[in-house]
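J.:
Numbering (UniProt numbering), first residue to last: 1 to 111.
Below you can see the structure in the form of structure tokens.
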């Protein structure tokens, strides 16, 4: 049996400026604190909004964007789930601490 996700809108956007005029700044602040660089844990349903490509890898971008897109699709299909809010925030804090310690070699904590 196939399931359908009823959506009001699916927005796919590209651009070169790091701002989101359609979203309130409290949702995606300019200092990004997202779970796995994709999800805002403070939303009521954080799995329904994904920021694809807010990463700065050393190497190719496209494979990472592909994996982010696939993960989001699995979440929307209900085949995967995000951790609870407190676990997501803990992971965000750990990832930021890792990046800010000055010894990291890759600024992206891969899925």
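The C-beta atom is built at its ideal place from N, Cα and C for all residues, glycine as well.
#1: How is the alpha helix (DSSP H) around residue 88 delimited, first residue to last?
#2: Can you check which of these residues, 21, 51 and 24, is closest to residue 34 by C-alpha distance?
#3: Please list the terminal residues of the continuous alpha helix (DSSP H) segment that includes residue 72.
#4: Candidates 26, 74 and 48: which alpha carbon is nearest residue 9's?
#5: Which word fits residue 84, buried or exposed, when buried means at least 16 other C-beta atoms lie within 10 angstroms of its C-beta?
#6: If residue 88 and residue 41 are in contact, beta carbons under 8 Å, what's the gap, nearest whole angstrom?
#7: Would you report the Cα separation of residue 86 and residue 92, rounded to the nearest angstrom?
#8: Assign residue 44 to one of two classes, buried (16 or more other C-beta atoms within 10 Å of its C-beta) or exposed (fewer than that).
#9: Just how far apart, CA to CA, sit residue 12 and residue 53?
T.: Looking at the atomic coordinates:
#1: Taking the first residue of the chain shown as position 1, residue 88 is located at position 88. Per DSSP, residue 88 belongs to the alpha helix (DSSP H) from 85–100.
#2: For the purposes of this step, residue 34 is taken as residue 34 along the chain shown, with counting starting at 1. The shortest Cα separation from residue 34 among 21, 51 and 24 belongs to 51.
#3: Your numbering for residue 72 matches position 72 in the chain shown. Start and end: 62–77.
#4: On the chain shown, residue 9 is found 9 positions in, with the first residue counted as 1. Residue 48 is the option with its Cα nearest to residue 9.
#5: The residue labelled residue 84 in the question sits at position 84 within the chain shown. Exposed, because fewer than 16 other Cβ atoms sit within 10 Å of the Cβ of residue 84.
#6: By 1-based counting over the chain shown, the position of residue 88 is 88. By 1-based counting over the chain shown, the position of residue 41 is 41. That belief holds up - the Cβ atoms of residue 88 and residue 41 are roughly 4 Å apart, short of 8 Å.
#7: Counting from one through the chain shown, the residue named residue 86 turns up at place 86. Counting from one through the chain shown, the residue named residue 92 turns up at place 92. If you take the alpha carbons of residue 86 and residue 92, they lie about 10 Å apart.
#8: If you number the chain shown from 1, residue 44 lands on position 44. Exposed, since its Cβ has fewer than 16 Cβ neighbours within 10 Å.
#9: For the purposes of this step, residue 12 is identified with residue 12 of the chain shown, where counting begins at 1. For the purposes of this step, residue 53 is identified with residue 53 of the chain shown, where counting begins at 1. When rounded, the distance between both Cα atoms is 12 Å.
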